[in-house]
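Below is one structure, written out as structure tokens; comments come after it.
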Ligand SMILES: [Zn+2]
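Numbering (UniProt numbering), first residue to last: 1 to 347.
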């Protein structure tokens with residue numbers, strides 16, 4: 001039996017449209033008053049955007065309702081869906097804790113509130129009825145000042161019980177003007193022994209070779225095999241893994257056709273660079289992890305053997321998977337059919 005590991009999922013984009021709609025209906029109808037009915041809302045919520053920035057704007061809609069009080073409501077539904085429909089055994093959930101704190105507070109008050117958010121998310125993710133190994137990745141954000149991002153790194157270091165890594169998010173074209181800062185922050189994170197990933201090389205405007213040595217995994221990174229394949233041997237040598245999220249590139253206008261990913265997979269397989277297939281924003285896309293897998297097979301981007309290699313890679317590169325093996329190997333013994341009993345011949 002195959003159980004899966006999801007390495008790249010945003011808390012904000014993980015709310016499926018039906019759950020968000022119900023939440024709005026129950027709590028704050030004014031946000032949905034402009035939609036005549038649910039299908040109209042779903043169409044608005046899941047339709048492709050022209051650019052990554054436009055796409056990221058949608059996150060603010062969900063962030064505004066994900067507060068310390070409501071997070072358990074959304075996380076319960078997220079884990080229930082992941083367990084029932086996606087066969088997840090492992091989930092790394094990422095978000096920017098600062099953006100879940102009350103906006104009316106001062107910057108330092110909001111920084112102080114972040115630890116509570118991490119704890120609430122951590123506790124809400126431990127459900128006896130839907131047991132999935134979970135951990136959090138805290139995202140630094142391109143829109144936030146240095147002090148806040150540094151506090152996010154410090155919080156990751158202090159919360160190892162709940163947090164397995166740090167990330168950078170907010171649109172990869174926006175890092176350029178403060179590149180020194182990001183290098184410092186990643187250097188600082190590494191010095192504290194924190195695992196690292198980063199949204200990089202997602203779009204053609206987000207390619208920063210300087211940041212690559214600091215990362216254990218690369219969020220997206222598809223422009224490396226597409227535009228800079230000469231970097232692949234270095235990635236292989238460092239044991240870095242790409243977190244490839246197929247549906248995202250169509251929703252953000254980064255790729256026009258999902259079949260363009262064939263070159264990404266082919267070049268990575270050839271160079272010995274691992275790929276973990278992920279959803280990024282399963283709710284926003286309304287595409288769950290098994291469908292990402294199936295799509296790649298349907299479009300002949302990868303074959304079954306390669307799919308399994310990617311599924312294995314996801315467990316190998318998981319920052320907080322506590323077992324040596326992926327769950328399939330642990331379950332195979334239990335599930336394999338009993339050998340047929342040999343009937344004794346009688347005369
Ligand atoms: Zn992402």
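Using N, Cα and C, we set each Cβ at its ideal position, and we do this for glycine too.
Keep in mind the model is a prediction, meaning the values are calculated, not measured.
Use the C-beta contact count for residue i: other C-beta atoms within 10 angstroms, 16 or more gives buried, fewer gives exposed.
i: residue 36; result: exposed
i: residue 274; result: buried
i: residue 222; result: buried
i: residue 251; result: buried
i: residue 8; result: buried
i: residue 189; result: buried
i: residue 33; result: exposed
i: residue 279; result: buried
i: residue 75; result: buried
i: residue 136; result: buried
i: residue 97; result: buried
i: residue 220; result: buried
i: residue 315; result: buried
i: residue 125; result: buried
i: residue 1; result: exposed
i: residue 50; result: exposed
i: residue 55; result: buried
i: residue 324; result: exposed
i: residue 86; result: buried
i: residue 22; result: exposed
i: residue 103; result: exposed
i: residue 27; result: exposed
i: residue 281; result: buried
For residue i, which residues from the same chain have a beta carbon less than 6 angstroms from its beta carbon, with the 5 sequence-adjacent residues on both sides left out?
i: residue 247; result: 285, 287
i: residue 100; result: 66, 117
i: residue 156; result: 138, 163, 166, 194
i: residue 62; result: 12, 15
i: residue 205; result: 173
i: residue 147; result: none
i: residue 111; result: 151
i: residue 255; result: 249
Which residues share a DSSP beta bridge with residue i?
i: residue 95; result: 138
i: residue 195; result: 165
i: residue 10; result: 94
i: residue 5; result: 90
i: residue 217; result: 241
i: residue 16; result: DSSP output for residue 16 lists no bridge partner at all.
i: residue 120; result: Its beta-bridge partners do not exist; DSSP assigns none.
i: residue 211; result: Its beta-bridge partners do not exist; DSSP assigns none.
i: residue 200; result: 220
Using C-beta distances below 7 angstroms, list every residue in its chain close to residue i, excluding the 5 sequence neighbours before and after it, in chain order.
i: residue 91; result: 6, 9, 82, 132, 134
i: residue 293; result: 277, 307
i: residue 182; result: 168, 175, 211
i: residue 312; result: 326
i: residue 185; result: 140, 149, 150, 153
i: residue 31; result: 24
i: residue 46; result: 17, 284, 285, 286
i: residue 317; result: 7, 217, 241, 274, 276
i: residue 95; result: 10, 11, 12, 139
Tell me which same chain residues have a C-beta within less than 8 angstroms of the C-beta of residue i, skipping the five on either side of it?
i: residue 268; result: 225, 232, 242, 274, 275
i: residue 161; result: 122
i: residue 303; result: 297
Would you say residue i reaches chain B, if we count a Cβ-Cβ gap shorter than 7 angstroms as a contact?
i: residue 195; result: Chain labels in this structure do not include chain B; a single protein chain is all it has.
Using the beta carbon as the reference atom, which residues fall closer than 6 angstroms to any heavy atom of ligand 1, ordered along the chain?
8, 10, 199, 219, 280
In chain order, each beta strand (DSSP E) run of at least 3 residues that lies wholly inside the stretch 136-185:
163-169
Which parts of the stretch 228-268 are runs of the beta strand (DSSP E), unbroken and 3 residues or longer, counting only runs that do not cross its ends?
241-244
Would you mind listing the alpha helix (DSSP H) stretches within the stretch 29-117 that are 4+ residues and don't spill past its ends, in chain order?
38-46, 52-63, 71-86
Write down every uninterrupted run of the beta strand (DSSP E) in the stretch 261-307 whose length is 3 residues or greater and which is fully enclosed by it, in chain order.
274-277
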